[in-house]
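Residue numbers (the working numbering), protein chains in the order written: chain A, 1 to 427; chain B, 1 to 427. Backbone N, C-alpha and C define an ideal beta-carbon position, used for all residues, glycine too. Quick caveat, the model's predicted, so the values are computed rather than measured.
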């Protein structure tokens, strides 16, 4: 279990008067290479019962609160200019002021998970200065922490353990179709550099607003794969995480003239473009990595927009992906009836759909599953609690990855079909 | 020049009432995959005259300030329990409140540079919620922005341009000497994946409190190398950035049980350990990358503690590094007189020291340079303005990288010396 305690600066902090320490920290924030965890507080602190204590120093604040996905949500009605929408708003709890202006709150005991949180100081968001760990989701930064409540729970898979670690590389490739260099993130499993083996590939696509760093940062792909592979629960595989927004070369700050996160409209050209340009991704990967090629060694999966893209890629290239994962995002039935028939004519090893019961995408997901059932197309539906959130997508990846590349490849059917373009996407 | 403008959410923001928008943003921060740049403000905005406008929304705040390295510093005396130290404190300027609780400040025109800043709201640090770009220096996060004031200035080298991009990989290797897996960051230049060439290697070491991500994140190594190589100003090379703190496997959060940044004491075992364990780094790199081996193809450089480590590595392995860079950190003369004689007996192509005039390390750097001059050892001293800061280290890398691997290799002397261990380091 992680210990977020400060172990190194106790001595130096003791020797400073509080005023000097505060000034020193203010100075060190900018002018010089900063000293280590600087607040003198431990936050968050995971307690023996898996409750978590949050601490924040601010003698002037009137109200200090913590908000995060470790708290139960509460439904809130939002009026979008007449259109009322119910949201599951994150919970908010008050910290209590103690001696020296140190505010504190202790949660209920928590399950193993990766959690996000922020402080609200007199109503405005403030990062926890005692915790250097942060994630960016589209345009929003939050602090994060992981917690293993019991051996083998999902929180454990998101943490770094003493197991062999794979490589995470940020790689640029040429896309002649999109006429630009583009960036992808590539996970190669431990041992890849040391042997001569060829590995199956999972192409893993982010959602609208995400980028090629989303699955590795928010999705904990490297930790999940390292841990699953070390336990023998997943086959060693290459995981390729391209940027699925056709008009973005790369993540904000990594691309020319892309400084702000952008939301790709799911009805925009993006889906068409990923279908047309995906061969650029695959040919780069197959040329530059030791790839075990072919239908039974190739998987595609994605979340939200990436789930819909994975669906469309399976329709567009029905002989390419022996494993397909649609996480909180699916294609439409209408216009794709013949396409899906071709997809299942190849007998995919796994056509996996996953969605949260509170997710707006669930209705279309269930509808597609029922249609598949009616057609006799063998697809799997994995239902979870909760909505359209990373907490679910990490679980779906953990479940999906364990199902990949384990069957003995059957001789692939000799059928060659022309690729079939499907036209429409759900919202 | 970067434009930090918001281009995608204008329409949606217009359709929301302010109250609904604020609530929506609060919700999107946590519960769902968040919408793009969410504040509705442009901050920072780079103006045509290279002044920069900062904006922050908070109707309840009494004082909103901005602090950052774009402002002139001011000297401040800090009392460390009786020991008084003068620091260059970062400048602080007030934002002015305008309609709707939007605070604003516009700087003087700025030079091309990568700048860091934070807001101070009633005295407490707050990140700029309109700017997703942040850097972590040891335990301190700040917002960042880059600015190209004129073509070819240093700010230009820190930005992403339409040039071929190298790969940045986070790789684990075994260190038998330290009995652990350890993580390194490796830059391979554009084209590495596509050809069969062998490349010279620069080993680039971080400072105390840094880690294997420091040079790529704060040092902009990939951008600097991409741009220099594209202009033909630097030779294509591999840049290896290991973790130089022997008791840390990896950066905070990337290693087992390492959740907080740690400061390595420069008088600790760390220097000894890096000397003993450095062959583990080099043998991994030479085994797994296409390395042009040998004295004339191998450079080592580092900042602060990493500069001292580079000095000690050159002393310990005098026949290994044909190029040595000591950035704001050097070894001592005393005890190393014979060692330096051996170092220079190999006729290094470049023994480069760089330091800021306001840096506390300058005195020892100059003393070493004078001793080298007296001994007739050809070393270079690059003096810059300013102190012990990343702004200087990025410049030193930019200058140093252009001097590497350009000489035609002379036949290496047939002398083989036993490695010489040197004992002492400066503070």
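Cβ neighbour criterion (16 or more within 10 Å) applied to residue 194(A): Here residue 194(A) is taken as the residue at index 194 of the first chain, counted from 1. Exposed: under 16 other Cβ atoms inside 10 Å.
Pairwise C-alpha distance: residue 363(B) and residue 59(A): By 1-based counting over the first chain, the position of residue 59(A) is 59. By 1-based counting over the second chain, the position of residue 363(B) is 363. If you take the alpha carbons of residue 59(A) and residue 363(B), they lie about 41 Å apart.
Status (buried if at least 16 other CB within 10 Å, exposed otherwise) for residue 373(A): Position 373 of the first chain, counting from 1, holds the residue named residue 373(A). Per the 10 Å Cβ criterion, exposed.
Inter-stretch contact at 8 Å, needing at least 3 Cβ pairs: the stretch 344–354 of chain A / the stretch 394–409 of chain A: yes
Outcome for residue 244(A) when other beta-carbon atoms lying within 10 angstroms are tallied against a minimum of 16: Within the first chain, numbered from 1, the residue matching residue 244(A) stands at position 244. Classification for residue 244(A): buried.
Cross-chain neighbours of residue 343(B) in chain A, by beta carbon under 8 Å: As a first step, residue 343(B) must be located in the second chain, where it is residue number 343. By Cβ distance, chain A contributes nothing, its closest Cβ being about 27 Å from residue 343(B), past 8 Å.
Residue-chain proximity (residue 365(A), chain B), Cβ-Cβ < 9 Å: For the purposes of this step, residue 365(A) is taken as residue 365 along the first chain, with counting starting at 1. Answer no: the Cβ-Cβ gap between residue 365(A) and chain B never drops below 9 Å.
Cα-Cα separation between residue 25(A) and residue 210(A), rounded to whole angstroms: The residue you call residue 25(A) lines up with position 25 of the first chain. The residue you call residue 210(A) lines up with position 210 of the first chain. With a pLDDT of 41 at residue 25(A), under the threshold of 50, the modelled position of that residue is not reliable, and the figure given next carries that caveat. Going by the C-alpha atoms only, they are around 34 Å apart.
Alpha-carbon to alpha-carbon, residue 220(B) and residue 322(B): As a first step, residue 322(B) is located in the second chain; it is residue number 322 there, counting from the start. As a first step, residue 220(B) is located in the second chain; it is residue number 220 there, counting from the start. Computed Cα separation, rounded: 24 Å.
Touch test, the stretch 100–112 of chain B against the stretch 44–61 of chain B, Cβ-Cβ under 8 Å, three pairs minimum: yes
For residue 332(B), three-class secondary structure by DSSP: Along the second chain, one-based indexing puts residue 332(B) at 332. In this structure, residue 332(B) counts as coil in the three-state DSSP scheme.
Closer than 9 Å to chain B by CB, residue 278(A): Position 278 of the first chain holds residue 278(A). Not an interface residue.
Residue 216(A) to residue 57(B) span [Cα, whole Å]: The sequence position of residue 216(A) within the first chain is 216, counting from 1. The sequence position of residue 57(B) within the second chain is 57, counting from 1. Each residue's Cα considered, the two are about 32 Å apart.
Run of the beta strand (DSSP E) containing residue 301(A), from where it starts to where it stops: One-based indexing of the first chain puts residue 301(A) at position 301. Taken as a continuous stretch (DSSP letters only), the beta strand (DSSP E) holding residue 301(A) covers 298–303.
Residue environment, residue 275(A), which counts as buried when at least 16 other CB atoms sit within 10 Å: Taking the first chain and counting its residues from 1, one reaches residue 275(A) at position 275. Buried.
Near-chain A residues of the stretch 165–193 of chain B - C-beta to any C-beta below 8 Å: 165, 166, 167, 168, 169, 170, 171, 172, 181, 183, 190 and 193
Rounded C-alpha distance that separates residue 345(A) from residue 316(A): The count along the first chain starts at 1 and reaches residue 345(A) at position 345. The count along the first chain starts at 1 and reaches residue 316(A) at position 316. When rounded, the distance between both Cα atoms is 14 Å.
Euclidean distance between Cα positions of residue 407(B) and residue 176(B): Mapped onto the second chain, residue 407(B) falls at position 407. Mapped onto the second chain, residue 176(B) falls at position 176. Looking at the two C-alpha atoms, the distance is approximately 35 Å.
Residue 307(A) vs residue 207(A) beta-carbon contact at 9 Å: Position 307 of the first chain, counted from the start, is the residue given in the question as residue 307(A). Position 207 of the first chain, counted from the start, is the residue given in the question as residue 207(A). Going by C-beta atoms, residue 307(A) is nearer than 9 Å to residue 207(A).
Simplified DSSP assignment, three categories, for residue 114(B): One-based indexing of the second chain puts residue 114(B) at position 114. Correct three-state label for residue 114(B): strand.
9 Å Cβ cutoff, residue 460(A) in contact with chain B: Look at the range of chain A in this structure, 1 to 427, and you will see that residue 460(A) is not part of it.
Cut-off 8 Å between Cβ atoms - residues of its own chain near residue 96(A), not counting five sequence neighbours on either side: Position 96 of the first chain holds residue 96(A). If we look at residue 96(A) and ignore the five residues flanking it on each side, its Cβ neighbours are 103, 104 and 105.
Residue 293(A) versus 125(A), 371(A), 212(A) and 320(A), residue with shortest Cα-Cα distance: Mapped onto the first chain, residue 293(A) falls at position 293. Checking every option, the nearest Cα to that of residue 293(A) belongs to 320(A).
Three-way DSSP call (helix, strand, coil) for residue 313(B) in this model: As a working note, residue 313(B) is residue 313 in the second chain. Residue 313(B) falls in the helix class under three-state DSSP.
Buried versus exposed call for residue 341(A) [16 or more other C-beta atoms within 10 Å across all chains shown]: Here residue 341(A) refers to the residue found at position 341 of the first chain. Exposed, since its Cβ has fewer than 16 Cβ neighbours within 10 Å.
Buried versus exposed, by CB contacts within 10 Å (16 or more), residue 72(B): Position 72 of the second chain holds residue 72(B). Looking at its Cβ environment, which holds fewer than 16 other Cβ atoms inside 10 Å, residue 72(B) is exposed.
Counted within 10 angstroms of its Cβ, other Cβ atoms place residue 385(A) as buried (16 or more) or exposed: Position 385 of the first chain holds residue 385(A). Exposed, because fewer than 16 other Cβ atoms sit within 10 Å of the Cβ of residue 385(A).
Rounded distance between the beta-carbons of residue 222(A) and residue 166(A), thought under 8 Å: As a first step, residue 166(A) must be located in the first chain, where it is residue number 166. As a first step, residue 222(A) must be located in the first chain, where it is residue number 222. With 8 Å as the limit, residue 166(A) and residue 222(A) qualify as a contact, their Cβ atoms being about 6 Å apart.
Beta carbon proximity, residue 407(B) to chain A, threshold 9 Å: Here residue 407(B) refers to the residue found at position 407 when the second chain is read from its first residue. No, because no Cβ of chain A sits closer than 9 Å to the Cβ of residue 407(B).
Within 7 Å of chain B by C-beta, residues of the stretch 41–65 of chain A in sequence order: 58 and 60
As assigned by DSSP and simplified to three states, the class of residue 175(B): Translated into positions along the second chain, residue 175(B) becomes position 175. Looking at residue 175(B) - three-state DSSP - the assignment turns out to be strand.
9 Å Cβ cutoff met for residue 162(B) and residue 256(A): For the purposes of this step, residue 162(B) is taken as residue 162 along the second chain, with counting starting at 1. For the purposes of this step, residue 256(A) is taken as residue 256 along the first chain, with counting starting at 1. In this structure, residue 256(A) lies closer than 9 Å to residue 162(B) by Cβ.
Residue 116(B) to residue 70(B) span [Cα, whole Å]: Stepping through the second chain from its first residue, residue 116(B) is reached at position 116. Stepping through the second chain from its first residue, residue 70(B) is reached at position 70. So the alpha carbons of these two residues sit roughly 7 Å apart.
Closer than 9 Å to chain A by CB, residue 225(B): Position 225 of the second chain, counted from the first residue, corresponds to residue 225(B). Residue 225(B) does not count as touching chain A.
Same chain, Cβ closer than 6 Å to residue 388(B), neighbours up to 5 away in sequence not counted: In the second chain, counting from the first residue as 1, residue 388(B) sits at position 388. Around residue 388(B): 328 and 359.
Segments assigned alpha helix (DSSP H), at least 4 residues, entirely inside the stretch 125–204 of chain A: 154–157
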